[in-house]
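Numbering (this note's numbering), first residue to last: 12 to 377.
Ideal Cβ positions, reconstructed from N, Cα and C, are used throughout, including at glycine.
Right, one structure below, let's go through it.
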Ligand code: FAD
């Protein structure tokens, strides 16, 4: 973890993150370097050429990157989610072929969402149809993080009466990648809409065979995504605390530093409580991953729910303390404010998390 943290520290600081946010793009070379160094999917096991970090260590690494740049952290989330999907759903030869590529820097994006299938992924209309030794993929995907950088797309769709996930090269004939114009936040995360127009790939690239349940397929990928987003939100809160600390100690009003005013001190206390609450929820969920606890799924949903809500509220608090100093593009708290709000929408919105948590509570407290 220390080596990867040093790699991340070398690749991104506040000024790079700001430049990427304004340009709406991370330099290709940075993405390639981060990938080749193992930063992007650090839980890939060593036997496949990955760093083999635990969920807890990868979580702290994700928070570190998230404290500096949610766009780069979003790419880590997509890459890790793709790798986890291959690791969990792929057959032996698929894991052996794909995981070393993902560990070595090939970039991947994961595509569930469609124009008519957002929270309700059972409404996915993309079709994956067998045709001899191939499958043919037809459909439309929206808001796919990292798709503008991706070499590989993990595409979910209908297959017969069930569902399937298939690995599609981004350059395959029939794939169109169209950048999402001017996203509110994570502006350099390469979100794109995809059109898949009769895209033919080998049947052997359907992960783990076809016709599985949508819940199992999607749930596998989303679990990793939620864990990664949750730790990214811890990072947003830590970045906000650093910016607030610097400002509240130095900016004077009414003859003393802002931090000396009790109502401002309360904001600082609230931010710390938010960061600590989110960290504890994430650390518990990662512990569940690392010990293969049956509580893993519910703890992950809880971590994502708590951390994203705390990050959205905490980033708003940070802007309040910075006031005019933070009320412009280019300031880390302004970026955090835009980025954090999106974390309440993705990988299962707060409302979808609430439904899952209520279902869990009702099954436990009978
Ligand atoms: P809708 O499903 O239309 O929901 C609208 C509102 O209604 C939300 O508040 C929702 O919580 C609420 N709602 C819906 N159903 C219920 C219900 N049953 N009960 C209570 N409330 C409900 N998708 C991918 O496949 N891959 C990606 O990499 C990816 N990255 C993304 C990155 C960003 C920045 C964003 C904004 C989106 C991304 N998405 C991605 C899409 C994302 O997964 C969807 O936006 C999300 O699932 C919500 O779907 P929707 O936007 O269609 O909202």
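Closer than 6 Å: is that where the CB of residue 357 sits relative to any heavy atom of the ligand FAD?
It does: the Cβ of residue 357 is within 6 Å (strictly closer) of some heavy atom of the ligand FAD.
For residue 350, I'd like the list of residues in its chain whose CB is within less than 6 Å of its CB, leaving aside the five on either flank, ordered along the chain.
Shown here for residue 350: same chain residues with a beta carbon closer than 6 Å to its own, the five before and five after excluded, namely 81, 196 and 197 in chain order.
For residue 261, which residues in the same chain have their Cβ closer than 7 Å to its Cβ, ignoring the five residues on either side in sequence?
268, listed in sequence order.
CA nearest to the CA of residue 67, picked from 279, 106, 15 and 299:
Closest option to residue 67, Cα to Cα, is 299.
Where residue 62 falls, given that 16 or more other Cβ within 10 Å makes a residue buried:
Under this definition residue 62 is a buried residue.
Kindly examine the ligand FAD and report whether one of its heavy atoms sits closer than 6 Å to the Cβ of residue 156.
The answer is yes for residue 156.
Count the other CB atoms within 10 Å of the CB of residue 355; is the residue buried (16 or more) or exposed (fewer)?
With 16 or more other Cβ atoms within 10 Å, it is buried.
If distances are taken between C-alpha atoms only, which option among 48, 266, 279 and 176 comes closest to residue 101?
Shortest Cα-Cα distance from residue 101 to any of 48, 266, 279 and 176 involves 176.
Measure the CB-CB distance between residue 157 and residue 89 and report whether it falls below 7 Å.
For residue 157 and residue 89, yes; Cβs fall inside 7 Å.
According to DSSP, residue 211 sits in a beta bridge with which residue or residues?
Checking the DSSP bridge columns, you'll see residue 211 partnered with 147.
DSSP three-state label for residue 363, please.
DSSP places residue 363 within a helical segment (H, G or I) once states are collapsed to three.
Would you kindly report the start and end of the unbroken beta strand (DSSP E) that includes residue 141?
Element bounds for residue 141: 138-142.
Every unbroken beta strand (DSSP E) within the region 58-119, with a cutoff of 3 residues, ordered by chain
Listed in chain order, nothing qualifies, since the region 58-119 has no complete beta strand (DSSP E) run of 3 or more residues.
To the nearest whole angstrom, what separates the beta carbons of residue 84 and residue 243, a pair I think is in contact under 8 Å?
With a Cβ gap of about 4 Å, residue 84 and residue 243 count as contacting.
I want to check one thing, is the minimum distance from the CB of residue 130 to the heavy atoms of the ligand FAD below 6 Å?
Checking the Cβ of residue 130 against the ligand FAD gives yes.
So, for residue 149: in the same chain, excluding its five sequence neighbours on each side, which residues have a beta-carbon less than 8 Å away from its beta-carbon?
Within the same chain, residue 149 has close Cβ partners 137, 138, 140, 207, 208, 209 and 210.
Can residue 265 be considered in contact with the ligand FAD, in the sense that its beta carbon sits closer than 6 Å to one or more heavy atoms?
Residue 265: no, Cβ never under 6 Å from the ligand FAD.
Tell me which same chain residues have a C-beta within less than 7 Å of the C-beta of residue 283, skipping the five on either side of it?
Excluding sequence positions up to five before and after residue 283, its CB lies within less than 7 Å of the CB of 252, all in the same chain and listed in chain order.
Is residue 235 buried or exposed, if buried means 16 or more other CB atoms sit within 10 Å of its CB?
The C-beta of residue 235 has 16 or more other C-beta atoms within 10 Å across all chains shown, which makes the residue buried.
Can you tell which of 178, 193, 171 and 232 has its C-alpha closest to the C-alpha of residue 222?
It is 171 whose Cα lies nearest to the Cα of residue 222.
Taking the continuous beta strand (DSSP E) assigned at residue 186, which residues delimit it?
Its beta strand (DSSP E) spans residues 186-190.
Taking 8 Å as the limit between beta carbons, can you name the residues of its chain near residue 189, skipping five residues before and five after?
Excluding positions up to five away in sequence, the list reads 203, 204, 205 and 206.
Indicate the three-state DSSP secondary structure (helix, strand or coil) for residue 165 in the structure shown.
Residue 165: strand per DSSP, three-state reduction.
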